[in-house]
Amino acid sequence: MASNDDSTVEDIDLENLFDMDIVLFQRKANKKNEKLEIGAIQEDGLVAPISAWTLESAFPNSDTLEFLVDEEDRFPGLTSEDIQIVKVIPENKISYGSRQVGGGKGPGNPHGEESEILYYVDRDALKSLCPSTDGEDKYTIKDVEIVVKPELEILW
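Residue numbers (numbering that gives the first Met the number 0): 0 to 155.
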């Protein structure tokens with residue numbers, strides 16, 4: 000984990016983050032729409048948005064959401080020219096797993112050798128203190144817009 004919960008918007012540099020760090024970000028091209036998105040640093044150093052297939056908790060008796068990178072969103076990847084990173088999710092609020100691509104079934108992955116990373120994030124980590132828009136040194140709590148794609152779920 001490259002950063003901690005005390006990072007401010009101004010001091011989070013994409014080049015200082017590590018593969019699999021999970022970040023909250025805003026797209027620079029969308030200044031009027033101040034929504035926050037969630038993404039993960041990929042092995043090439045770029046950010047890929049991550050999606051959930053449900054808003055239900057991934058585990059019993061927890062409030063943890065399960066995310067993954069949709070291959071449709073992976074490329075070309077987001078750079079520091081595209082986004083402003085607002086927060087790095089602290090490592091005590093995340094965990095990782097993997098699943099077989101396509102459930103390990105069918106002609107695309109018949110033996111289950113191909114897998115994809117799952118990102119587990121505590122729901123309470125999906126808020127961020129952001130500079131207020133009134134120009135003062137105030138911060139507001141913003142929620143993250145979670146992209147839900149039910150088609151990403153694999154039914155065993």
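Even glycine gets a Cβ: it sits at the ideal position worked out from N, Cα and C. Note that the structure is a prediction, hence the values are computed from the model and not measured.
If you measure between the beta carbons of residue i and residue j, is that distance less than 8 Å?
i       : j       : result
Asp-72  : Lys-27  : no
Ile-93  : Val-120 : yes
Ile-145 : Ala-51  : yes
Phe-74  : Ile-49  : no
Taking buried to mean at least 16 other C-beta atoms within 10 Å of its own C-beta, is residue i buried or exposed?
i       : result
Glu-152 : exposed
Leu-35  : buried
Tyr-118 : buried
Asp-18  : exposed
Gly-96  : exposed
Asp-20  : buried
Taking residue i as the reference, give the member of the options with the closest Cα.
i       : options                              : result
Asp-142 : Tyr-118, Ile-49 and Leu-125          : Leu-125
Val-85  : Asp-121, Glu-42 and Phe-24           : Phe-24
Leu-45  : Leu-13, Glu-33, Ser-114 and Thr-53   : Leu-13
Val-147 : Leu-54, Glu-115 and Pro-59           : Leu-54
Ile-88  : Pro-149, Arg-122, Trp-52 and Glu-144 : Arg-122
Val-22  : Ile-40, Asn-29 and Asn-91            : Ile-40
Locate the beta strand (DSSP E) running through residue i, then write down its first and last residues.
i       : result
Glu-71  : Element bounds for Glu-71: not the beta strand (DSSP E) but the alpha helix (DSSP H), 70 to 73.
Val-87  : 82 to 87
Ile-156 : With the chain represented from 0 up to 155, any question about residue 156 goes unanswered, as that position is not in the structure.
Leu-64  : 63 to 67
Ala-124 : No beta strand (DSSP E) holds Ala-124; DSSP gives it neither H nor E.
Gly-96  : 93 to 99
Ala-47  : 46 to 48
Can you look up residue i in the DSSP assignment and give me helix, strand or coil?
i       : result
Pro-149 : helix
Ala-57  : coil
Leu-23  : strand
Leu-117 : strand
Leu-77  : strand
Glu-144 : coil
Does the beta-carbon of residue i, which I'm using as the reference point, lie nearer than 7 Å to any heavy atom of the ligand HEM?
i      : result
Phe-66 : In the structure on display, the ligand HEM does not appear, and there are no ligands present to speak of.
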